[in-house]
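Have a look at the structure below before the remarks.
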Amino acid sequence: MSIKFNKINIQPIFTSLRKIRHQMNDLTYTILLMICSTTIAFLFFFSSEKNTANITLVYILALILTARYTNSFLYGICSSLIYVVLVNCFFTYPYFRIDFTLSGYPVTFIVMLAITLTTSATTSHLRIQSKLLSEREEMLQKADKEKMRANLLRAISHDLRTPLTSIIGTSANYLESNTLSEEEARVLLQHIYDDSTWLLHMVENLLSVTRIQDTNTKVKKTEEAIEEVISEAISRFKKRQPIARLEVKIPDELLVVPMDALLIEQVIINLLENAWVHSRSSYAITLSITHNEKEVAFHIRDYGIGIPSEHVSTIFDGMTASNSKSIDGHRGMGIGLSICKTIIEAHRGTITAMNCNPGAEFIFTLPKEDAYEC
Amino acid sequence: MNAKFTVLIIEDEENIASFIKNTLINHDYKVLLAYTGQQGLSLINSQCPDIILLDLGLPDMNGTDIIKSVRSWSSNPIVVVSARTQEYEKVEALELGADDYITKPFGTNELIARIRTSLRHSNRLLKDSPLYKRPYQCGNLYIDFLKRVVMINQQEVHLTPVEYKIVAHLAQNSGKVVTHSSLMTYVWGPYTDTDNKILRVNMANIRRKLEKNPAEPEYIYTEVGIGYRMKEDEYAN
Chain A
-4 MSIKFNKINI
6 QPIFTSLRKI
16 RHQMNDLTYT
26 ILLMICSTTI
36 AFLFFFSSEK
46 NTANITLVYI
56 LALILTARYT
66 NSFLYGICSS
76 LIYVVLVNCF
86 FTYPYFRIDF
96 TLSGYPVTFI
106 VMLAITLTTS
116 ATTSHLRIQS
126 KLLSEREEML
136 QKADKEKMRA
146 NLLRAISHDL
156 RTPLTSIIGT
166 SANYLESNTL
176 SEEEARVLLQ
186 HIYDDSTWLL
196 HMVENLLSVT
206 RIQDTNTKVK
216 KTEEAIEEVI
226 SEAISRFKKR
236 QPIARLEVKI
246 PDELLVVPMD
256 ALLIEQVIIN
266 LLENAWVHSR
276 SSYAITLSIT
286 HNEKEVAFHI
296 RDYGIGIPSE
306 HVSTIFDGMT
316 ASNSKSIDGH
326 RGMGIGLSIC
336 KTIIEAHRGT
346 ITAMNCNPGA
356 EFIFTLPKED
366 AYEC
Chain B
779 MNAKFTVLII
789 EDEENIASFI
799 KNTLINHDYK
809 VLLAYTGQQG
819 LSLINSQCPD
829 IILLDLGLPD
839 MNGTDIIKSV
849 RSWSSNPIVV
859 VSARTQEYEK
869 VEALELGADD
879 YITKPFGTNE
889 LIARIRTSLR
899 HSNRLLKDSP
909 LYKRPYQCGN
919 LYIDFLKRVV
929 MINQQEVHLT
939 PVEYKIVAHL
949 AQNSGKVVTH
959 SSLMTYVWGP
969 YTDTDNKILR
979 VNMANIRRKL
989 EKNPAEPEYI
999 YTEVGIGYRM
1009 KEDEYAN
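Structural data, given as structure tokens:
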């Protein structure tokens, strides 16, 4: 934060100066400035015809620099005192002698002191402000994370309770009733079977998130061939949705990308399932891959009803779980999508959703090279 | 089949053990149950089951120790039962000598197919057996191991020697998972790099030669993080 702040009002010369500044403590810095300015002042003094105005200006600059980049008022005030004495001693008549009787001397001193104080005050003010700003930003981030976690938890408990209630109710029904026909019993068992399959899918989703301890930590990546990951994801998806129609287009060359294959598979399955269940269309979903030098993009496109426009921007936030349920009567994919986002972000990729009339397209990207910096 | 095959289930979850047991009994297998590793080992020693279904997460000992101990004196097929997220465990078990694995939760059909495949391969240990020389056939894919010919729709497919070696090895183990490292060792010898990129490249080429759509393969399936599995030979059963 502080770096960003400084960039606004400091020129490149000062950037390098600041770099040097970072290497030493305040006292060395002040003394060094003093030596530099005095050397320059002496150069002026001996070369030109004793231009006192220039010499004073050099000292004022040194003073400003001291006040700006030291952490305490004290350095600025002390150096202004010393500079006044130096100017008085060396560069004003009588040379090399301290003479406080010189007219105008108090004015010089007061002006120098004023400059020091103003600069120091501005500096510390800036410092406090930038600290406040960065603190506020940190708090916002924390609140954001907290909010996301709370949303996720709410969505999870809602989404898990529904099938569990249904399973418990249905099995109790089965156990308590003794007048069920074979056909009725079959229907009940089928409900239990469906609900538990769904529950399992959800739990697998959640388990996959435990592989990412924190959104900031990196996932364990290995080089994987995209076509292999896709083909396994598709076969798992088809096991769950045997009637789903799907068209897959992959590039001719072999693409190898670093990733946690299990997590990316989960993302592909979630997006395919989302496209199939929520598009309310029997038109085949397409899954296609595009790539450039930097990244590989996965496109999942359906030709159904699209995403309600008010949800497009928040679809990955885990909030839509309960809302979307009321819209199309299917269980929400809220958790599924927010998990997708978590996974892709942990891979340093991006994920977006958009309506493309007809239907919707979800695109996620993965970087081709593993960025080692953190 | 004149005698029933005996299956030993080593699984600590009673509900799961009883569900597997019922399934197997319905499919005409004789079933032994063990709830702990110790129990399992003593049953293996006393009853000599034809195949062992082993859950890796046991309360009293590590599942991999059971594999080690069994492999020290027997080549009985072992099928490992494990959860989806534990690839490393699976690879370790396979490398220690387990024949195959099945991921929880599994369907009845999947379970029976795995058991059949493993039993079939265990009878094939003699390379001279006629089963080993008989061509592989599945769908439109046909492989003649004696003539070293691979055909799709009666059309010969040209494979490089390395590609043929990979395909033939997978076909001879059809229905069973073959790990990356065992495939690497088989094709390039025991001192190859651990980096399996070269295998990936060869597999990608094979897929483009054999499969209609490489993203939805019909014959060679990928088990990400573990290895490859070729579709079961049609005349296997």
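Just so you know, the sequences run in chain order A and B.
With the working numbering, letter number 93 in the first sequence gets 88, and the count goes up by one each step, no holes.
With the working numbering, letter number 90 in the second sequence gets 868, and the count goes up by one each step, no holes.
For glycine and all other residues, C-beta sits at the position ideal for the given N, C-alpha and C.
These figures come from a predicted structure and were not determined experimentally.
Quick check: is the beta carbon of residue 403 of chain A nearer than 8 Å to any beta carbon in chain B? A query on residue 403 of chain A cannot be resolved here, the shown segment of chain A reaching from -4 to 369 and no further.
Along the chain, which unbroken stretches of the beta strand (DSSP E) at least 3 residues long are found entirely within the region 837 to 924 of chain B? 856 to 861, 878 to 882, 914 to 916, 919 to 922
Counting C-beta neighbours from all protein chains within 10 Å, is the total for residue 904 of chain B 16 or more, i.e. buried, or is it exposed? Locating residue 904 of chain B in the second sequence gives position 126, where the first residue counts as 1. Note that residue 904 of chain B scores a pLDDT of 49, beneath 50, so its modelled location is shaky; the value from the coordinates is reported in the next line. With fewer than 16 other Cβ atoms within 10 Å, it is exposed.
In three-state terms, what does DSSP make of residue 294 of chain A? For the purposes of this step, residue 294 of chain A is identified with residue 299 of the first sequence, where counting begins at 1. Residue 294 of chain A falls in the strand class under three-state DSSP.
Exposed or buried, what is residue 335 of chain A when buried is set at 16 or more other beta-carbons lying within 10 Å of its beta-carbon? Along the first sequence, read from residue 1 onward, the residue named residue 335 of chain A stands at position 340. Classification for residue 335 of chain A: buried.
Anything in chain A within Cβ reach of residue 999 of chain B, meaning under 8 Å, just list it in chain order. By 1-based counting over the second sequence, the position of residue 999 of chain B is 221. Here the neighbours are 226, 227, 230.
Would you mind reading off the limits of the alpha helix (DSSP H) that contains residue 789 of chain B? Position 11 of the second sequence, counting from 1, holds the residue named residue 789 of chain B. It is not in any alpha helix (DSSP H) - residue 789 of chain B carries neither H nor E in the DSSP assignment.
Return the CA-CA distance between residue 920 of chain B and residue 886 of chain B, expressed in angstroms with no decimal places. The residue given as residue 920 of chain B occupies position 142 in the second sequence. The residue given as residue 886 of chain B occupies position 108 in the second sequence. Whole-angstrom Cα-Cα distance: 29 Å.
Compute the beta-carbon to beta-carbon distance between residue 296 of chain A and residue 354 of chain A, rounded to the nearest angstrom, for a pair I have assumed lies under 8 Å. For this step, residue 296 of chain A is matched to residue 301 along the first sequence. For this step, residue 354 of chain A is matched to residue 359 along the first sequence. Residue 296 of chain A to residue 354 of chain A, Cβ: 6 Å. Contact.
Taking the alpha carbon of residue 985 of chain B as the reference point, which residue from A:126, A:35, A:245 has its own alpha carbon closest? Here residue 985 of chain B corresponds to residue number 207 of the second sequence, with the count starting at 1. With distances taken between Cα atoms, residue 985 of chain B lies closest to A:245.
Count the other CB atoms within 10 Å of the CB of residue 969 of chain B; is the residue buried (16 or more) or exposed (fewer)? As a first step, residue 969 of chain B is located in the second sequence; it is residue number 191 there, counting from the start. Exposed, because fewer than 16 other Cβ atoms sit within 10 Å of the Cβ of residue 969 of chain B.
With a threshold of 8 Å between beta-carbons, can residue 917 of chain B be considered close to chain A, or not? On the second sequence, position 139 is the one that residue 917 of chain B refers to. Chain A contact via Cβ: absent.
Please compile the residues from chain B whose C-beta is within a distance smaller than 7 Å of the C-beta of residue 245 of chain A. Taking the first sequence and counting its residues from 1, one reaches residue 245 of chain A at position 250. The answer, in chain order, is 992, 993.
Find out if the Cβ-Cβ distance for the pair residue 199 of chain A, residue 232 of chain A is shorter than 8 Å. Taking the first sequence and counting its residues from 1, the one referred to as residue 199 of chain A is at position 204. Taking the first sequence and counting its residues from 1, the one referred to as residue 232 of chain A is at position 237. No, the pair does not count as a contact, with Cβ atoms beyond the cut-off.
Any chance the region 129 to 140 of chain A sits against the region 168 to 187 of chain A, with 3 or more Cβ pairs inside 8 Å? no
How would you call residue 70 of chain A, buried or exposed, if buried means at least 16 neighbouring beta carbons within 10 angstroms? One-based indexing of the first sequence puts residue 70 of chain A at position 75. Residue 70 of chain A is buried by the Cβ-count criterion.
Just checking my contact of residue 346 of chain A with residue 311 of chain A at CB under 8 Å: how many whole Å lie between their CB atoms? For the purposes of this step, residue 346 of chain A is identified with residue 351 of the first sequence, where counting begins at 1. For the purposes of this step, residue 311 of chain A is identified with residue 316 of the first sequence, where counting begins at 1. Right, the Cβ-Cβ distance comes to about 7 Å (below 8 Å), so this counts as a contact.
Roughly how many angstroms lie between the CA atoms of residue 262 of chain A and residue 187 of chain A, to the nearest whole one? The residue given as residue 262 of chain A occupies position 267 in the first sequence. The residue given as residue 187 of chain A occupies position 192 in the first sequence. Cα to Cα, the separation comes out at about 26 Å.
Below 8 Å, can you find three or more Cβ-Cβ pairs linking the region 958 to 977 of chain B to the region 222 to 229 of chain A? no
When burial is assigned at 16 or more other CB atoms within 10 Å of the CB, is residue 293 of chain A buried or exposed? Here residue 293 of chain A refers to the residue found at position 298 of the first sequence. Residue 293 of chain A is buried by the Cβ-count criterion.
Are residue 829 of chain B and residue 812 of chain B close, meaning C-beta to C-beta below 8 Å? Mapped onto the second sequence, residue 829 of chain B falls at position 51. Mapped onto the second sequence, residue 812 of chain B falls at position 34. Going by C-beta atoms, residue 829 of chain B is not nearer than 8 Å to residue 812 of chain B.
For residue 255 of chain A, does the count of other Cβ atoms within 10 angstroms reach 16, so buried, or fall short, so exposed? Your numbering for residue 255 of chain A matches position 260 in the first sequence. So residue 255 of chain A counts as buried.
What residue from B:992, B:1004, B:998 has the CA that sits closest to residue 242 of chain A's CA? Here residue 242 of chain A is taken as the residue at index 247 of the first sequence, counted from 1. Residue 242 of chain A has its Cα closest to that of B:992, out of B:992, B:1004, B:998.
If you draw a straight line from the alpha carbon of residue 834 of chain B to that of residue 960 of chain B, how long is it in whole angstroms? Position 56 of the second sequence, counted from the start, is the residue given in the question as residue 834 of chain B. Position 182 of the second sequence, counted from the start, is the residue given in the question as residue 960 of chain B. Spanning the two alpha carbons is a distance of roughly 21 Å.
Residues in the region 245 to 267 of chain A having any Cβ partner in chain B nearer than 8 Å: 245, 247, 249, 251, 256, 257, 260
What residues of chain A sit near residue 982 of chain B, judged by a beta carbon separation below 8 Å? For the purposes of this step, residue 982 of chain B is identified with residue 204 of the second sequence, where counting begins at 1. The contacting residues are 220, 222, 249.
Beta-ladder partner(s) of residue 78 of chain A, from DSSP: As a working note, residue 78 of chain A is residue 83 in the first sequence. BP columns for residue 78 of chain A are empty, so no partner.
By DSSP's criteria, residue 218 of chain A is part of a beta bridge. Which residues make up the other side? As a first step, residue 218 of chain A is located in the first sequence; it is residue number 223 there, counting from the start. In the DSSP output, where bridge partners are listed per residue, residue 218 of chain A has A:253.
Selection of the region 169 to 198 of chain A by Cβ proximity to chain B, strictly under 8 Å: 195
Report yes if the CB atom of residue 928 of chain B is closer than 8 Å to the CB atom of residue 942 of chain B, and no otherwise. As a position in the second sequence, residue 928 of chain B is number 150, starting the count at 1. As a position in the second sequence, residue 942 of chain B is number 164, starting the count at 1. In this structure, residue 942 of chain B lies closer than 8 Å to residue 928 of chain B by Cβ.
Taking the straight line between their C-alpha atoms, what separation do you get for residue 130 of chain A and residue 64 of chain A? In the first sequence, residue 130 of chain A corresponds to position 135, counting from 1. In the first sequence, residue 64 of chain A corresponds to position 69, counting from 1. One alpha carbon belongs to residue 130 of chain A, the other to residue 64 of chain A, and they sit about 22 Å apart.
Exposed or buried, what is residue 251 of chain A when buried is set at 16 or more other beta-carbons lying within 10 Å of its beta-carbon? By 1-based counting over the first sequence, the position of residue 251 of chain A is 256. Label assigned to residue 251 of chain A: buried.
Would you call residue 836 of chain B buried or exposed, if buried means 16 or more other Cβ atoms sit within 10 Å of its Cβ? In the second sequence, counting from the first residue as 1, residue 836 of chain B sits at position 58. Per the 10 Å Cβ criterion, buried.
Does residue 855 of chain B have its Cβ less than 8 Å from a Cβ in chain A? As a working mapping, residue 855 of chain B is identified with position 77 in the second sequence. Cβ-Cβ to chain A under 8 Å: no for residue 855 of chain B.
Just to confirm the assignment, what range does the beta strand (DSSP E) spanning residue 833 of chain B have? Position 55 of the second sequence, counting from 1, holds the residue named residue 833 of chain B. Its beta strand (DSSP E) spans residues 829 to 833.
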